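Notes for the one structure printed next.
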Amino acid sequence: MESRAAILWEQNAEWSVEDITLDDPKAGEVMVELAASGMCHSDEHLVTGDMVLDPEIAKMIGLEQFPVIGGHEGAGTVVEVGPGVTDLAVGDHVALGFIPACGRCPSCARGWQHLCDLGAFLLAGRQITDLTARHHAKDGTDLGTMCCLGTFSPVTVVSEASCIKLTDDIPLDKAALVGCGVTTGWGAAVNAANVQPGETVVVVGIGGVGANALQGAAYAGARHVIAVDPVEFKREQAPIFGATHTASSFEEAQALVGELTWGANADKVIITTGQVTGDMIAPAMSLLAKGGRCVVVSVADIKANDVQLNLFELTLQRKELVGCIFGNANPRRDIPRLLRLYMEGQLKLDELVTREYDLDGVNQGYQDMRDGKNIRGVIKY
Ligand SMILES: NC(=O)c1ccc[n+]([C@@H]2O[C@H](COP(=O)([O-])OP(=O)(O)OC[C@H]3O[C@@H](n4cnc5c(N)ncnc54)[C@H](O)[C@@H]3O)[C@@H](O)[C@H]2O)c1
Ligand SMILES: [Zn+2]
Ligand SMILES: [Zn+2]
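Encoded structure:
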């Protein structure tokens, strides 16, 4: 079948919107007609090279990262089902999880679907099912798909392990956001930071992920929710998602947190900046109280190894520094739960979408993200 998709042919290029050909789904796969795709910052890491493997290493282990169809925040309707798919049928509504969940590997079995072993194939650029491509450029070149999804195309073929079945009442364009940013941000606060009633929480970086960390922290009962972002528009938006205070820098946040807690400092700090760099860790850890926890959600340059961290403080003030992927969530349980909260008015999804674009607007959308104009930009099909 014919479609159109936004393709990244190489690092540092623009997204190129082109005609593509899609094969029918093979065993264990489904074809999904998408309603929308969120424009997460993680696709930008492909452009900048933060998430790009050294070409020599990639070649050695058989990975083909480029060309790749972008997009990993989508939801839509199943339009075709491959052989052996028993849990999904044509017409089913699904959200696509940016990490597949097989349900059988050791991580899935212990309730850590965000660490499913199939995640190893996310940057492989081929279908998880048999490591071949279903997406092809006009000239026949095989195309990879970001996170094995490729939601910058109105129709795509994915593994059933990436699909989370939804009830038909849920608006699919909003469900798209829960496939990455919402679950990631919310789960960073609720699961990874384990925010408790009465705590003081700082969220650094208020984009599509950070706004949901604010929502999760507020919902979990935090007393102070401090949103840190240098962009004024982000600080203006933050209270909509539960921020009680805002600051424009780590320094400003340090002064504010000191004042609010009478010098005790924050219980939790969550880093959701567009990119995390080693020099952010020391100021983030300094915002923490004794026994506090700093959760790193942002993606760093894959080659970055240097971190500033006061080890004396880490040990003697029993501080914690932890990573977090997909909000430490179990998508098959958590995505439907979050969407029920939305349907009942307790989770804000409409407010996350600052601007909508058509597929041809993908480069404008990412420019607006870089310019700090969007909480989340969304491509509507
Ligand atoms: N760990 C995961 O599972 C996971 C999942 C999704 C996204 N991510 C990553 O999370 C990060 C955030 O994604 P997003 O889509 O929300 O990005 P975004 O670009 O929408 O938002 C990032 C925000 O950080 C702000 N910012 C930049 N530098 C800052 C600084 N020094 N101090 C405070 N704020 C600063 C920007 O102004 C912007 O508002 C990205 O690195 C993304 O790749 C991780
Ligand atoms: Zn994402
Ligand atoms: Zn698994």
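Count along the sequence shown from 1, add 62, and you get the number used in the numbering used here.
Here a beta-carbon is modelled for each residue, glycine too, at the ideal position from N, C-alpha and C.
No experiment lies behind these values; they were computed from the predicted model shown.
Residue i, enclosing beta strand (DSSP E) - first and last residue
i    : result
K442 : R438 to K442
L350 : L350 to V358
F385 : Inspection of the sequence shows that residue 385 is occupied by Gly rather than by Phe. Here the beta strand (DSSP E) through G385 covers E382 to G385.
L401 : From DSSP, L401 is part of no beta strand (DSSP E) but of the alpha helix (DSSP H) over P393 to M405.
D105 : Per DSSP, D105 belongs to no beta strand (DSSP E); it is in the alpha helix (DSSP H), H103 to T110.
V219 : V217 to S221
A328 : A328 to I333
E458 : This structure cannot settle anything about residue 458, because the visible part of the chain is limited to 63 through 443.
A309 : H307 to A309
Distance between beta carbons of residue j and residue i, contact taken as under 8 angstroms
i    : j    : result
G153 : G243 : With a Cβ gap of about 27 angstroms, G153 and G243 do not count as contacting.
R438 : L421 : Their Cβ separation, rounded to whole angstroms, is 16 angstroms, which puts R438 and L421 out of contact at 8 angstroms.
A237 : A157 : 5 angstroms
A279 : V287 : 5 angstroms
A328 : V263 : 6 angstroms
I332 : A251 : 6 angstroms
I131 : L205 : 5 angstroms
V91  : T246 : The question names Val, yet the displayed sequence has Glu at residue 91. Actually they are not in contact, since the Cβ atoms of E91 and T246 sit about 25 angstroms apart, beyond 8 angstroms.
G133 : F183 : Actually they are not in contact, since the Cβ atoms of G133 and F183 sit about 17 angstroms apart, beyond 8 angstroms.
V369 : G340 : 4 angstroms
F303 : A282 : Not a contact, Cβ separation roughly 13 angstroms.
G269 : T334 : 7 angstroms
G212 : F160 : That pair is no contact at about 11 angstroms.
M347 : N372 : 7 angstroms
Identity of the residues DSSP links to residue i by a beta bridge
i    : result
A157 : A137 and I226
G283 : The partner list for G283 (beta bridge, DSSP) is empty, contrary to what the question assumes.
G423 : Partner(s): none; G423 has no beta bridge.
L70  : V130
D81  : R66
V143 : V92
E418 : V440
I288 : V264 and H307
Element boundaries [alpha helix (DSSP H), containing residue i]
i    : result
I119 : P117 to M122
R172 : No alpha helix (DSSP H) contains R172, which DSSP labels as neither H nor E.
K296 : E294 to Q299
L96  : Where L96 is concerned, there is no enclosing alpha helix (DSSP H), although the beta strand (DSSP E) it sits in stretches over E91 to G100.
E375 : L373 to L378
Q316 : F312 to L322
Best match in the options for proximity to residue i [C-alpha to C-alpha]
i    : options                   : result
A137 : I69, A98 and V266         : A98
G407 : M113, V79, I232 and E126  : I232
K410 : V271, V290 and R66        : V271
R297 : H286, D235 and A309       : A309
E76  : A289, V331, E118 and P129 : P129
S65  : N74, D85 and E72          : D85
K381 : I131, G354 and P117       : G354
S83  : G320, D116, H197 and L349 : Checking the sequence shown, residue 83 turns out to be Thr, not Ser. Of the listed residues, the one whose Cα sits closest to T83 is H197.
G325 : S311, P117 and K352       : K352
N392 : A67, Q175 and G165        : Q175
V361 : L378, F388, N372 and L376 : F388
A89  : D396, E222 and A255       : E222
L193 : D201, L180, K200 and I69  : L180
T203 : Q127, V147, S169 and P259 : Q127
G187 : A199, L177 and C209       : C209
V357 : S348, C386 and A344       : C386
V219 : M342, A195, K442 and E418 : A195
V293 : R432, M63 and E95         : R432
C225 : V94, N436 and T306        : V94
A275 : F295, V319 and N253       : N253
R402 : N74, G144, G173 and T229  : T229
G434 : P345, F295, M347 and R395 : F295
Q337 : V424, A300 and E106       : E106
K200 : D412, A67 and D149        : A67
P259 : K330, V140, P301 and A289 : K330
T443 : V424, D430, Q429 and Y428 : The identity of residue 443 in the sequence shown is Tyr, whereas the question assumes Thr. With distances taken between Cα atoms, Y443 lies closest to V424.
Q34  : R172, S104, Q277 and Y404 : Nothing in the structure corresponds to residue 34, since the chain is present only between 63 and 443.
CB contact check: residue i to chain C, cutoff 8 angstroms
i    : result
G153 : Of the protein chains in the structure, only one exists, and it is not chain C.
Give, in chain order, every unbroken run of the alpha helix (DSSP H) that is at least 4 residues long and sits entirely within the region 223-271. 234-240 and 243-249
Could you pull out every unbroken beta strand (DSSP E) segment of at least 3 residues lying fully inside the region 181-212, listed in chain order? 197-199 and 204-207
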